[in-house]
Amino acid sequence: MNGFLYGFTLQWKLDLRSRTMLITCYAVPLLFFAVMGGIFTSVMPESKETLIQSMTVFAVTMGALIGLPPSLAEIYRSDIKNAYQANGVPLSLGLILINISAFVHLLIMSAILYVLAPILFGAKIPEHLETYLGGLVILIAVSLSIASIIGLAVKDTANTSMFSILLFIPSTMLSGIMFPSEMLPQAFAIVGKLFPATWGYKLMTDSAFSLQTLCPLLGIFLIAVILCGVLLRRIRTR
Numbered sequence: 006m007n008g009f010l011y012g013f014t015l016q017w018k019l020d021l022r023s024r025t026m027l028i029t030c031y032a033v034p035l036l037f038f039a040v041m042g043g044i045f046t047s048v049m050p051e052s053k054e055t056l057i058q059s060m061t062v063f064a065v066t067m068g069a070l071i072g073l074p075p076s077l078a079e080i081y082r083s084d085i086k087n088a089y090q091a092n093g094v095p096l097s098l099g100l101i102l103i104n105i106s107a108f109v110h111l112l113i114m115s116a117i118l119y120v121l122a123p124i125l126f127g128a129k130i131p132e133h134l135e136t137y138l139g140g141l142v143i144l145i146a147v148s149l150s151i152a153s154i155i156g157l158a159v160k161d162t163a164n165t166s167m168f169s170i171l172l173f174i175p176s177t178m179l180s181g182i183m184f185p186s187e188m189l190p191q192a193f194a195i196v197g198k199l200f201p202a203t204w205g206y207k208l209m210t211d212s213a214f215s216l217q218t219l220c221p222l223l224g225i226f227l228i229a230v231i232l233c234g235v236l237l238r239r240i241r242t243r
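FYI, in the numbering used here the residues of the sequence shown are 6 to 243.
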């Protein structure tokens, strides 16, 4: 247990020194919030009803899909992996520690948005707090699981960001946070349902949990965990 806590503390400090993690988890989401929050509430005053949820979905999706994969690639595509194996440390430990650290960072960013949105833009605080918080936790976990696949699967670290962006753009554009998903062409609406951001946004804005919304998220998470296990095995045998 002491070794695990030490590893988490070390990973936390490394993340704080990582420009990628700080930019994707804090700087860009806050800048997007400051600019788009003002635009949304001016052009569409009704967006205040769900501004906290929409900005949170953007922050979580960016922090997970773009911030996490480079950190994973740094471990499993470098001598750090060899150091793990030489010292008998399970390769899965690096994946677990990075995910926990990123999870905490995204929770902090979400809390910042939760506090600032009502103050700066008069955003409405989620009426059903338990559904909002539960949806937030699930969205973060599922988004990080998808990001973990990218970090473990992409062999060339230079291409990690490219694959992350290719997932990030449709995740946000088709999730319903920019404009109602009902306005999308049917084909785009169907594609949007493949991404956790769509279901996470719906869950965070619902009045109660529903299996119709939870099942896709849990299904994505289960598939991602299985794929991460397969990828870790392949990395171990290299």
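By construction, the Cβ of each residue, glycine as well, lies at the ideal position given by its N, Cα and C atoms.
6 Å CB neighbourhood of residue i in its chain, flanking five on each side removed
| i | result |
| --- | --- |
| Lys207 | Thr218 |
| Tyr81 | Ile240 |
| Ile151 | Ala229 |
| Ala122 | Leu56, Ile57, Ala128 |
Alpha helix (DSSP H) segment containing residue i, residue limits
| i | result |
| --- | --- |
| Met183 | No alpha helix (DSSP H) contains Met183, which DSSP labels as neither H nor E. |
| Tyr206 | 201-210 |
| Ser251 | It is not possible to answer for residue 251, since the shown part of the chain is limited to 6 through 243. |
| Ser52 | Taken as a continuous stretch (DSSP letters only), Ser52 belongs to no alpha helix (DSSP H), as it is neither H nor E. |
| Ala192 | 191-197 |
| Cys220 | 216-241 |
| Thr265 | No statement about residue 265 is possible, as the shown extent of the chain runs from 6 to 243 and does not include it. |
| Gly99 | 96-126 |
| Tyr81 | 73-81 |
Buried/exposed call for residue i, threshold 16 Cβ in 10 Å
| i | result |
| --- | --- |
| Tyr11 | Confidence at Tyr11 is low in this model, with a pLDDT of 49, below 50, so the placement of that residue should be treated as unreliable; the coordinate-derived value is given next. The residue is exposed, with fewer than 16 neighbouring Cβ atoms inside 10 Å. |
| Val57 | It should be pointed out that residue 57 corresponds to Ile in this sequence rather than to Val. Buried, since its Cβ has 16 or more Cβ neighbours within 10 Å. |
| Met188 | exposed |
| Asn164 | exposed |
| Cys220 | exposed |
| Phe184 | exposed |
| Phe193 | exposed |
| Gly234 | exposed |
| Ser76 | buried |
| Val65 | buried |
| Ile231 | exposed |
| Leu227 | exposed |
| Pro50 | exposed |
| Gly224 | exposed |
| Ser215 | exposed |
| Leu36 | exposed |
| Ala116 | exposed |
| Pro190 | exposed |
Same chain, Cβ closer than 7 Å to residue i, five either side skipped, listed in chain order
| i | result |
| --- | --- |
| Phe168 | Ile155, Val159 |
| Tyr31 | Met114 |
| Ser212 | His133, Thr136 |
| Leu118 | Phe38, Ile57, Met60, Thr61, Ala64 |
| Ser180 | Val62, Gly197, Phe200, Ala202, Thr203, Tyr206 |
| Val33 | Met67 |
8 Å Cβ shell around residue i - same chain, five flanking residues per side excluded
| i | result |
| --- | --- |
| Ala69 | Ala107, Leu111, Ile145, Ser148, Leu149, Ile151, Ala152 |
| Ser52 | Phe45, Thr46, Ser59 |
| Ser186 | Leu179, Ser180, Ala194, Gly197, Thr203 |
| Leu222 | Ile143, Leu144, Val147, Pro201, Trp204, Gly205, Leu208 |
Tell me whether the stretch 130-142 and the stretch 161-176 touch, counting them as touching only if at least three CB pairs, one residue from each stretch, are closer than 8 Å. They do not touch, by the three-pair rule.
Segment contact, 8 Å Cβ cut-off, at least three pairs: the stretch 44-58 with the stretch 113-133: The stretch 44-58 is in contact with the stretch 113-133.
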